[in-house]
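Read the structure below first, then the notes.
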Amino acid sequence: MNIVVCIKQVPDTTEIKINPETGTMIRDGVASIINPDDKGGLEMAIQLKEQFGAHVTVITMGPPQADIILREAFAMGADRAIHLTDRKFAGADTLATSYALAGALKKLDFDLLITGRQAIDGDTAQVGPQIAEFLDLPQVSYTQELKFDGEKTFTIKKATEEGYQMLAVEAPCVITVLSSANNPRYMSVGGIVDAYQKEVELWGKDNIDVEDHNLGLKGSPTRVRKAFAREVKPAGELYEVGTDEAVGIIISKLKEKFIL
Amino acid sequence: MNIEEYKGIYVFIEQREGVIQGVALELLGQARRLADQINDKVVALFLGNNISDKAQSLIAAGADKVICIDAPELEQYTTEPYTQAICQVIDEMKPDAILIGATTIGRDLGPRISARVKTGLTADCTKIETGENNELLMTRPAFGGNLMATIICPEHRPQMATVRPGVMVALEADSNRTGEIVNYKVNFNPAKFKVKILENVKEDSNKVDITDARILVSGGRGLGNAEGFELMTELATTMGAEVSASRAMVDAGFMGHDRQVGQTGKTVRPDLYFAFGISGAIQHVAGMEDSEFIVAVNKDKNAPIFQVSDLGIVGDAKQIIKKLNERLTKK
Amino acid sequence: MNFSLTREQILFQQMIKDFAEKEVKPLAAEVDELERFPYETVEKMAKIGIMGIPIPKQYGGAGGDNVMYAMAVEELSAVCGTTGVIVSAHTSLCCAPILENGTEEQKMKYLPKLASGEWIGAFGLTEAGAGTDAAGQQTTAVEDGDNWILNGSKIFITNAGPAHVYIVMAMTDKSQGTRGISAFIVEGDTPGFSVGKKEKKMGIRGSATCELIFENCIIPKENLLGKIGKGFGIAMKTLDGGRIGIAAQALGIAQGAIDETIKYVKERKQFGRAISAFQNTQFQLADMHARTEASRLLVRQAAHKKDQKLPYSVDAATAKLFAAETSSWVTNKAVQLYGGYGYTREYPIERMMRDAKITEIYEGTSEVQRMVISANLLK
Chain A
854 MNIVVCIKQV PDTTEIKINP ETGTMIRDGV ASIINPDDKG GLEMAIQLKE QFGAHVTVIT
914 MGPPQADIIL REAFAMGADR AIHLTDRKFA GADTLATSYA LAGALKKLDF DLLITGRQAI
974 DGDTAQVGPQ IAEFLDLPQV SYTQELKFDG EKTFTIKKAT EEGYQMLAVE APCVITVLSS
1034 ANNPRYMSVG GIVDAYQKEV ELWGKDNIDV EDHNLGLKGS PTRVRKAFAR EVKPAGELYE
1094 VGTDEAVGII ISKLKEKFIL
Chain B
15 MNIEEYKGIY VFIEQREGVI QGVALELLGQ ARRLADQIND KVVALFLGNN ISDKAQSLIA
75 AGADKVICID APELEQYTTE PYTQAICQVI DEMKPDAILI GATTIGRDLG PRISARVKTG
135 LTADCTKIET GENNELLMTR PAFGGNLMAT IICPEHRPQM ATVRPGVMVA LEADSNRTGE
195 IVNYKVNFNP AKFKVKILEN VKEDSNKVDI TDARILVSGG RGLGNAEGFE LMTELATTMG
255 AEVSASRAMV DAGFMGHDRQ VGQTGKTVRP DLYFAFGISG AIQHVAGMED SEFIVAVNKD
315 KNAPIFQVSD LGIVGDAKQI IKKLNERLTK K
Chain C
13 MNFSLTREQI LFQQMIKDFA EKEVKPLAAE VDELERFPYE TVEKMAKIGI MGIPIPKQYG
73 GAGGDNVMYA MAVEELSAVC GTTGVIVSAH TSLCCAPILE NGTEEQKMKY LPKLASGEWI
133 GAFGLTEAGA GTDAAGQQTT AVEDGDNWIL NGSKIFITNA GPAHVYIVMA MTDKSQGTRG
193 ISAFIVEGDT PGFSVGKKEK KMGIRGSATC ELIFENCIIP KENLLGKIGK GFGIAMKTLD
253 GGRIGIAAQA LGIAQGAIDE TIKYVKERKQ FGRAISAFQN TQFQLADMHA RTEASRLLVR
313 QAAHKKDQKL PYSVDAATAK LFAAETSSWV TNKAVQLYGG YGYTREYPIE RMMRDAKITE
373 IYEGTSEVQR MVISANLLK
């Protein structure tokens, strides 16, 4: 059984602090990590490896410093790692990113392609399904659990707003996974010791099946017109009023904030 | 691609078991506002099985036209049938824009369509406006909400966006509105329907981790008796929120340690944090000060909690909870 | 001279910090309060190879180096002094002597299960009458056919009880003084061996510190570790390695105290501002940092020398002396910066101060370290 997992290196956005005066992000000292949903996907793949002896390939599209997440994947149990990197990929929106990744994935044989549901920096949740479309494969997103019958069929538990659905799909297929699906294992010490002994394959645009005009900024139908900080939280208001009036103020403030 | 040919702001009308979802009406409302700004039409894309009788309500909600695709293949949502249907519409009708609710369905469907049609999709928008060239300006949060970005799709059509539920505002239903209802037939390719639904399960989530809760109603010493605890719980139920506590209430035995917020409890970051009768000692504040919006009620106007709250009320917490609960239940 | 960590060490540091934060820290207060040995943590550590970091892969270990091992003890100790010493005593005082002195059979028999964490290890040298005067061993080992018979007792043995493998020193020839001491491997289920009373301690309260009692304890001949009469030398060399571990533990406790204090002083307000705004607080933290950084470099130097197979005994003693006294000094200052709240168990800082003290005492008191260092300087 062959499994490919797409993983992305992201800043740990849960640790990002905002400058209280300007509202801009303070990125210094924020660690780079494997995107949590992707890590859930990787853990799922390694569990399938333990169950079925599957071969697990990880692939990332990213700058040179993304190498470390491939090493981390090795130390968790991945068998093969591909680093897709080329300056021509820079500036890509989700469509151009998915196109490039699909170009690389077309060169691989797999029964199951796993991506994380969404990255905690881009927050789009688009790349997984777009890759599936480019590869002309069926997709199941919001995967919480996956069972394989050992032959061809995957039974998948998909999270919905009301609960969940059980779906069935045959290999090959694409799933996007939630970080809540499992508790990813730590790297093993032995795995860490060997992580840099293994080869990471470097692939550029010439190694894969793509056309230049669909890559990078040129290949991106969407553009960022403006990026800006959120409003700085102003100092809190304090009211010393009667109960009725107080409740009125609370309700109107909550409505203002779209909480009600 | 000749952009000029593309017309109409289309809204994907999400329905589950025949029930039109709130987000669809919100998007119709916003589409109406945008269409009026750029002198265009609002078209509702209504997919499902045996849903035609509901099409009229979409006109009342703001649509000029409803493309009603009523087919057994669309009974329950799976990616491929819905994608095929909408892509056929796009191919034939050439919409200028398509808005989709950013639900589990919308975020599965939107990207698949955008990749098939090779156009731009902007995810989870919290604001949509029109620009100087009548293009859509789609604003969305990134970096876990720490950064906002306004996205455009200048050279591709349709401009697509998934939109966060609960942000846009639906119009008041107006049964006097008129519009066109078109029953649209899709030529499906069933060979591509590879995903099978085995079962649908609705869950009642009883056990909630307070760190996952969107809204927390938290009580402290100022509420520390059975009556206070009951009031809190009622308010929480009304608001669909979870209850939590400072150490005082946990020590008094009203709540388990798993609901304690603070130094020796949990750190929470809900969208809304109510601090009722909580003084705001550092051990507690350290666990909740990153909440998006903090409402504090305490009878001591010098209580340190007011230094971190966004809205502070000096008053009797129990009275305020009671009244707030009354007013909210009435709605 | 390269002060950088290797790529593997950087990756390892990322993992162990994450592990300590998520798996060890949440239990630390309870482990201390209930004086409970954290078996579940040992199981988790075992699963990922933390119980056998510097043991070569051929013996079931992770094949890591001593710098990594020291880093592990440091990061674990930063959140829980107890967990740090469990790993340190197990690795340096039991795995290491077997690795460095054992026969191939002994290594194959004991190391894989110790490195995998299936077995926990301990080391018994100290006796009621033999602390700093370690040579005053009373426990005896008498040859009897194919066996050795051990009689006597040990006190203050770390991991005693949870451990299955004990490296025990005993007197085989009283007339020879230190050259009459030999080292033995004793398995926990040996008849005649029992674990005695558990000490109630000031700190590292979750660590099991007990007596070992040998009453005609019969162990097979093959369980002699190293040569007869070489036990004292083995013990001293073992303690050299152990000192790196304890120095790392002390370093971790100091760093943990600094990290917690920084968090606290930014939050705590007096006189209208956070106390971090006051120069006293700032200067104290600066001093705490400088000394802890110095400890770190000494620990890493000793570990690095051991990895390079260079003599490291004086470096280890220097690291332990300095790091231990630093951690007591730092944690004491930290409690002071916390003020009244720091004296309560609501905050972890008082536990860190209680945990720090033992690092100045066990595996060779600071006075012993001074003896080792000065003997080397004046030779």
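Line by line, the protein sequences are chains A, B and C. When we follow my numbering, the leftmost residue of the first sequence carries the number 854, and every step to the right adds one. When we follow my numbering, the leftmost residue of the second sequence carries the number 15, and every step to the right adds one. When we follow my numbering, the leftmost residue of the third sequence carries the number 13, and every step to the right adds one. Each residue gets a CB set at the ideal place from its N, CA and C atoms; glycine is no exception.
Our two residues, Asn16(B) and Cys82(B), have alpha carbons roughly 26 Å apart in a direct line. Ala129(B) sits away from Phe942(A), with the two beta carbons spaced by 8 Å or more. Comparing C-alpha distances from Ile856(A) to each of Asp976(A), Phe1007(A), Glu1015(A), Thr977(A) shows the shortest one belongs to Phe1007(A). Counted as a single uninterrupted DSSP element, the beta strand (DSSP E) harbouring Cys222(C) occupies residues 221 to 232.
In chain order, Val347, Glu362 place their CB closer than 7 Å to the CB of Tyr355(C), counting only its own chain and leaving out the 5 sequence neighbours on each side. In summary, Ala387(C) is exposed, with fewer than 16 beta-carbon neighbours lying within 10 Å of its beta-carbon over all protein chains present.
Of all residues in the stretch 883 to 903 of chain A, none has a C-beta nearer than 8 Å to a C-beta of chain B. Residues Ser104, Leu105, Glu375 of the same chain have their beta carbon placed closer than 6 Å to that of Gly254(C), with the five preceding and five following residues left out of the count.
Counting only residues of its own chain and dropping the five nearest sequence neighbours on each side, Asp939(A) has a CB closer than 7 Å to the CB of Gly1057, Lys1058. Two segments are said to touch when three or more pairs of C-beta atoms, one from each, lie closer than 8 Å; by this definition the stretch 946 to 961 of chain A touches the stretch 1061 to 1076 of chain A. Here Ala957(A) is buried, its C-beta having at least 16 other C-beta atoms within 10 Å.
For Pro864(A), the three-state secondary structure derived from DSSP is strand. For Tyr81(C), the enclosing alpha helix (DSSP H) covers residues 78 to 91. If you look at Gln992(A), you'll find it in the beta strand (DSSP E) that goes 992 to 1001.
Gly1043(A) and Gly189(C) have their C-alpha atoms some 42 Å from each other.
Note on Arg357(C): under 16 other CB atoms within 10 angstroms of its CB, so exposed under the neighbour-count rule. Across the structure, Ile169(C) and Ala262(C) are spaced so that their CA atoms are roughly 19 Å apart. Going by DSSP, Glu194(B) is part of the beta strand (DSSP E) stretching over 194 to 197. Assignment of beta-bridge partners to Gly136(C) by DSSP yields Val180(C).
Gly969(A) has Val1030(A) as its beta-bridge partners, per DSSP.
Contact annotation: in the stretch 1031 to 1055 of chain A, residues whose CB is within less than 7 Å of a CB in chain C are Tyr1039, Met1040, Ser1041, Val1042, Gly1043, Ile1045, Val1046, Ala1048, Tyr1049.
The beta carbon of Asp50(B) does not come within 8 Å of any beta carbon belonging to chain A, so the residue lies off that interface.
In its chain, beyond the 5 residues on either side, Asn1035 have a beta carbon closer than 8 Å to the beta carbon of Gln900(A). Contact holds between the stretch 156 to 168 of chain C and the stretch 223 to 240 of chain C, because three or more Cβ pairs, one in each stretch, are under 8 Å apart. Residues of chain B with a Cβ closer than 7 Å to the Cβ of Met1019(A) are, in chain order, Leu212, Glu213.
Contact between Val1053(A) and Leu1020(A) is absent: CB atoms are separated by about 34 Å, not below the 8 Å threshold. Pro109(C) sits close to Ile246(C), with the two beta carbons spaced by under 8 Å. Cα atoms of Leu338(B) and Val1100(A): separation of roughly 6 Å, rounded to the nearest angstrom. Listed along chain A are Pro991, each with a C-beta nearer than 8 Å to that of Glu94(B).
If you ignore the 5 residues before and after Val25(B), its C-beta comes within less than 6 Å of the C-beta of Leu41, Leu42, Ala45, Ala58, Leu113, all in its own chain and listed in chain order. Neighbours of Ala300(B) in chain A, taken as residues whose beta carbon is under 7 Å from its own, are absent, since the nearest beta carbon is some 15 Å off. Burial is judged here by how many other beta carbons sit within 10 angstroms of a residue's own beta carbon; Gln1050(A) has fewer than 16 and is exposed. For Thr151(C), no alpha helix (DSSP H) encloses it, and the DSSP letter there is neither H nor E. Taking C-alpha positions only, Ser378(C) is separated from Asn888(A) by approximately 46 Å.
In the same chain as Ser340(C), and ignoring 5 residues on each side of it, the C-beta atoms closer than 7 Å to its own belong to Ala368, Lys369, Glu372, in chain order. Ile22(C) and Gly906(A) have their C-alpha atoms roughly 30 Å apart.
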